Amino acid sequence: MPQTPHIERHFTASNTVRDIVIGMSDGLTVPFALTAGLSGAVNTTSIILTAGLAEIAAGSIAMGLGGYLAAKSDAEQYFSERVREETEVCEKPEVEAGEVADVFQSYGLTAEESQPVVDALRKQPQGWVDFMMRFELGLEKPDPKRALISAATIAGAYIAGGFIPLGPYIVISVASTALIVSTVVTLIALTIFGYSKGHFTGESPVRSALQTVLIGGLAATAAFIIARAIS
606 MPQTPHIERH FTASNTVRDI VIGMSDGLTV PFALTAGLSG AVNTTSIILT AGLAEIAAGS
666 IAMGLGGYLA AKSDAEQYFS ERVREETEVC EKPEVEAGEV ADVFQSYGLT AEESQPVVDA
726 LRKQPQGWVD FMMRFELGLE KPDPKRALIS AATIAGAYIA GGFIPLGPYI VISVASTALI
786 VSTVVTLIAL TIFGYSKGHF TGESPVRSAL QTVLIGGLAA TAAFIIARAI S
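Residues in the sequence shown are numbered from 606 upward in steps of one, following this note's numbering.
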């Protein structure tokens with residue numbers, strides 16, 4: 606009897622989603638808080654627009670650079686640990702073999718059940734090191750292009766998010782009116798973004814949407830009140 610082949614579909618773009626979440630969340634929140642705060646202090650949209658554009662430029666560069674350095678640091682840590690593991694496999698094979706057995710036993714295998722696998726790995730030094738990197742240290746081999754991709758993704762998401770609260774100030778000359786439109790548009794965007802983030806990360810979409818809106822709304826409200834009080 607023919608059987609339908611079992612196909613498993615797993616989400617594998619977690620790094621990209623993480624970068625988009627980092628960039629978009631700050632891109633929506635920080636410029637929103639800035640424009641709201643300035644709207645509480647000045648009535649000139651040109652000043653708000655200039656400050657908003659400057660913030661988006663500076664913020665996207667800073668966030669992108671942070672993502673680049675973080676990815677480079679992860680890669681450097683991986684290769685440093687790999688060199689150490691390769692050295693230990695050559696110089697302390699018995700100790701490393703014991704650590705492999707410990708990994709299998711942590712999954713419920715007995716020493717007798719894990720011994721054939723340990724012996725097989727000892728015959729494949731590179732596979733042995735790969736195993737130790739992944740299951741002992743929890744490190745995955747980084748993509749050599751990861752740093753640049755991460756930087757571009759975070760910066761691009763920041764820019765895309767930043768223009769949502771800033772957009773109304775581009776087309777509306779009255780600051781108070783632009784603030785109202787910006788608030789409505791940004792809160793809708795935060796809701797959609799939070800819901801989508803929850804969907805892709807496994808969190809409750811509704812809870813994620815509410816948290817995102819709450820954080821963005823509180824930041825903008827605080828900035829507006831402080832700016833209005835100072836002015």
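Just so you know, even glycine gets a beta-carbon here, dropped at the ideal spot from N, CA and C.
As the structure is a computational prediction, the values presented were derived from the model and not from experiment.
Please classify residue i as buried or exposed, where buried requires at least 16 other C-beta atoms within 10 Å of its C-beta.
i: Y712; result: exposed
i: H615; result: Model confidence at H615 stands at a pLDDT of 45, short of 50, so the residue's coordinates are unreliable and nothing is read from them.
i: K802; result: buried
i: E718; result: exposed
i: G799; result: buried
i: D724; result: exposed
i: V818; result: buried
i: L726; result: buried
i: E701; result: buried
i: P749; result: exposed
Where residue i and residue j are concerned, what is the direct C-alpha to C-alpha distance, given to the nearest angstrom?
i: G766; j: G642; result: 18 Å
i: S669; j: V705; result: The sequence given here has Gly at residue 669, not Ser. Approximately 38 Å between the Cα atoms of the pair.
i: V635; j: S685; result: 36 Å
i: A834; j: G657; result: 21 Å
i: V722; j: R689; result: 22 Å
i: V776; j: H804; result: 33 Å
i: Y774; j: I653; result: 8 Å
i: L674; j: A752; result: 7 Å
i: V811; j: F768; result: 24 Å
i: W733; j: N620; result: 26 Å
i: I831; j: E660; result: 19 Å
i: M738; j: V790; result: 46 Å
i: P747; j: G672; result: 14 Å
i: A680; j: T692; result: 19 Å
i: V786; j: S630; result: 19 Å
i: S678; j: F829; result: 37 Å
Taking residue i as the reference, give the member of the options with the closest Cα.
i: V622; options: A762, P636, A706, V688; result: A762
i: L567; options: I661, I764, V708, Q816; result: With the chain represented from 606 up to 836, any question about residue 567 goes unanswered, as that position is not in the structure.
The segment 772–790 contacting the segment 645–653, beta-carbon criterion three pairs below 8 Å: The answer is yes - the segment 645–653 touches the segment 772–790, with three or more Cβ pairs under 8 Å.
The segment 657–668 contacting the segment 751–762, beta-carbon criterion three pairs below 8 Å: Verdict: yes, contact present.
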